[in-house]
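One structure below.
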Ligand SMILES: Nc1nc2c(c(=O)[nH]1)N[C@H]1C(S)=C(S)[C@@H](COP(=O)(O)OP(=O)(O)OC[C@H]3O[C@@H](n4cnc5c(=O)[nH]c(N)nc54)[C@H](O)[C@@H]3O)O[C@H]1N2
Ligand SMILES: Nc1nc2c(c(=O)[nH]1)N[C@H]1C(S)=C(S)[C@@H](COP(=O)(O)OP(=O)(O)OC[C@H]3O[C@@H](n4cnc5c(=O)[nH]c(N)nc54)[C@H](O)[C@@H]3O)O[C@H]1N2
Ligand code: SF4
Ligand SMILES: [Mo]
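Residue numbers (my numbering): 21 to 750.
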């Protein structure tokens, strides 16, 4: 930051928005230490000037009066007192050493919440800390989101992080399964100006078909095919069966890219048209037509996200998505599904430290397979409560609000209270960390340098960006990685899986994440090889803050080079998927008269999971989460628009005002997730609302078995008028 800058001069600095996967390029107007305005950066190669209301309003998060700006220590009465960094870190070190002495390093856990995806330093240091502790208690938000992707990546492509995404700029047929990019701006698909890019598909004569139980903001704009929640694996199995039975598969692609294609008809042997129709609510003839249209398209892409990955068979679903793309010749094809061209070889980086993998060990309590060295959040409360070697006794949570966002949120909160030590890195006192012994204040994305470590992997226009901090941190906030490093120092570990880093650490030499990533990037595919060729380095990118375009579009025809299996062939025959298919077929078509409706989650334009709910601009109007219900379901229940209803599942009960709407498929209700706050973010707490995940389960039988991913959609519920329910109770 320029030393000459005074409080009155307005300067503009460029960086990327660190709130969601879109990682939009932004221009920030600053006067002194004050953020005046944030707007989209038209020069950004991928986002091209796009900005959503969240990015534009972020100055209010930075300046939030409720923001934690000093380390907070919990007092015996439950209140928090500000202490110095030295006091906080030294005491944390002392307490952690005590836990380690009593229970061993494997009793210390680390949790990474979603915002670490745009905070590469924290991300690396947290993984490094878990590696140095040799603890199996490494939890991430992926296990309530996308663990199934990581499993299928490993099975099909030999690396968890290989996730082909739609070549949206060229596709002729985008089939969207359970995603709402008009609101979420794309997940595992960093497609700038995504709404416009989808509209352009139709303009050039192509199709966008959205399969969703709710006529979402995306479905409204394109072709909507309603489908029952959890119908996904059935729909996909039915489509694949049609493709194979009718000889629509691309045999040349199967031959060149895969082995084991002969296993597919066996996989589908028990999939019948009648069952597909019952489970999806879609007529078999429609399923066939969809499959034929998809296979006939010269360039099609089948893209699934949260709606497809938060159900009970999400790994099987993701496997079938990929198999359909592959079998129709759409993998690695212009306008089909393409491999990313990241600025940093993330696959190589994680492989170097043996991060990637699947089922190399199982969790202590529930025997759930590890995914990339992590345990799923579903098991966390039982890992805290079950005595024995490896019992979780101390936990460091960085940017995670798991008492709201994890499955069985109430149980998570109660279990956290039983820990010997809970440390949280978060800018707010939340319903999760109000239970912590220490809350440590992090810098926010405008206040730290950064690169979009996650988003660059799936960019429609491959680009590189690394931007310096745009504005000074407020108060005593420190970068997350620095805080983690200081804690590690106090327990005598170097937060790294690297042997070299451990060796250097013995001599007191510690690399920063920036140095480590820069070194790796410079010797990587886009790197400058330390001046031996034209390429990128951190220093060069710092001078190009809009980012550097690496290619006009993701490369195609890269073929076997991107598959980390022998001969680069994708092994389609997966015994685990045969098991899952058998389990799916054996599962009775559930209809429980006590719970006649199915509940699904909803995301909102002005919210990011469980946060940004304290920003006045983003919380105007009645922001309580409303239960969307179709008139035909509402009427017999006597529900009136705006009236409070009770939602009851097998595992819990919450209240929410009702919004009667034809956007819902009858039989399905939807509720925004991430609300129902406690703690010190006063506006968020005042809004109130029911906490969705108080209705979900963390039972080891109620998860996606192969990946340990939570089941958060398709919950069986009953809905009733709040007053009737209360009258019955009294
Ligand atoms: N504005 C905003 N943007 C966000 C977020 C946010 O909270 N707010 N969160 C970010 C995060 S962490 C993520 S992971 C991404 C998620 O990005 P998306 O996956 O695009 O987001 P969702 O809104 O969860 O979309 C899921 C869709 O699936 C539908 N659905 C629910 N159940 C089923 C089902 O069983 N089958 C099918 N086929 N569909 C179903 C829902 O109605 C919904 O429209 O968004 C990111 N972007
Ligand atoms: N029912 C239901 N539950 C869901 C979902 C759903 O669709 N339905 N979606 C799931 C998904 S996809 C995800 S990814 C998870 C997300 O859930 P979480 O991983 O809990 O993530 P967030 O709610 O986005 O943010 C968590 C915290 O990060 C803090 N934070 C923000 N920026 C920073 C930072 O720079 N540093 C630090 N240290 N903290 C920061 C915020 O204040 C907030 O308290 O929720 C899951 N839960
Ligand atoms: S879409 Fe995501 S990255 Fe872009 S401005 Fe909005 S919150 Fe930020
Ligand atoms: Mo997510």
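Just so it is clear, CB atoms sit at the ideal spot from N, CA and C, and this is done for glycine as well.
Item	Value
Bridge partner(s) assigned by DSSP for residue 58	48
Boundaries (first-last residue) of the alpha helix (DSSP H) holding residue 728	Here residue 728 belongs to no alpha helix (DSSP H), and DSSP marks it neither H nor E.
Supposed contact pair residue 558 and residue 549 - C-beta distance, whole angstroms, cut 8 Å	Not really, about 14 Å apart at Cβ, beyond 8 Å.
Contact test: residue 39 Cβ vs ligand 3 heavy atom, cutoff 6 Å	yes
Residue 165: CB within 6 Å of a non-hydrogen atom of ligand 4	yes
Pairwise C-alpha distance: residue 434 and residue 346	45 Å
Length of the line joining the Cα atoms of residue 134 and residue 169	16 Å
Check: residue 478 C-beta below 6 Å from any heavy atom of ligand 6	Absence of ligand 6 is noted for the structure shown, with ligand 1, ligand 2, ligand 3 and ligand 4 being the only ligands found.
Strand pairing of residue 707, partner residues [DSSP]	Answer by DSSP bridge pairing: none, since residue 707 is not bridged.
Candidates 501, 167, 450 and 619, of which the one nearest residue 533 by Cα	501
For residue 395, the residue or residues it bridges with in DSSP	159
Simplified DSSP state of residue 454, which is helix, strand or coil	helix
Which listed residue (179, 357, 205 and 362) has its alpha carbon closest to that of residue 393	179
Residue burial classification, residue 656 (beta-carbon count within 10 angstroms, cutoff 16)	exposed
Burial state of residue 481, where buried means 16 or more other Cβ atoms lie within 10 Å	buried
Extent of the continuous beta strand (DSSP E) to which residue 34 belongs	30–36
Closest Cα partner of residue 279 within the set 192, 306 and 175	175
Proximal residues to residue 22 (C-beta, below 6 Å), its chain only, five neighbours per side dropped	Legend: pLDDT at residue 22 = 45, less than 50; position of this residue unreliable, value from coordinates given subsequently. Excluding sequence neighbours, residue 22 sits near nothing in its chain.
Other residues of its chain near residue 397: CB distance less than 6 Å, five sequence neighbours each side excluded	159, 163, 164 and 426
7 Å Cβ cutoff met for residue 696 and residue 709	yes
Under 7 Å between C-beta atoms of residue 414 and residue 436	no
Best match in 740, 570, 684 and 701 for proximity to residue 668 [C-alpha to C-alpha]	740
Beta-carbon gap between residue 471 and residue 140 smaller than 7 Å	yes
For residue 268, the nearest candidate out of 386, 714 and 349 (CA to CA)	349
Bridge partner(s) assigned by DSSP for residue 673	668
Residue environment, residue 326, which counts as buried when at least 16 other CB atoms sit within 10 Å	buried
Alpha helix (DSSP H) runs wholly inside the segment 227–286, at least 4 long, in chain order	237–241, 252–265 and 271–277
Residue 690, enclosing alpha helix (DSSP H) - first and last residue	Per DSSP, residue 690 belongs to no alpha helix (DSSP H); it is in the beta strand (DSSP E), 688–692.
The beta strand (DSSP E) enclosing residue 622, as first and last residue numbers	617–622
Any non-hydrogen atom of ligand 3 within 6 Å of residue 64 CB	no
Residue closest to residue 320, alpha-carbon to alpha-carbon, out of 354, 333, 292 and 405	354
Same chain, Cβ closer than 7 Å to residue 429, neighbours up to 5 away in sequence not counted	423, 711, 713 and 714
Heavy atom of ligand 1 within 6 Å of residue 629 beta-carbon	yes
Residue 75 CB to nearest heavy atom of ligand 3 below 6 Å	yes
Pick from 631, 614 and 188 that is closest to residue 209, judged by C-alpha positions	188
Ranges of the alpha helix (DSSP H) found wholly within the segment 319–373, counting only runs of at least 4	326–329, 334–347 and 366–372
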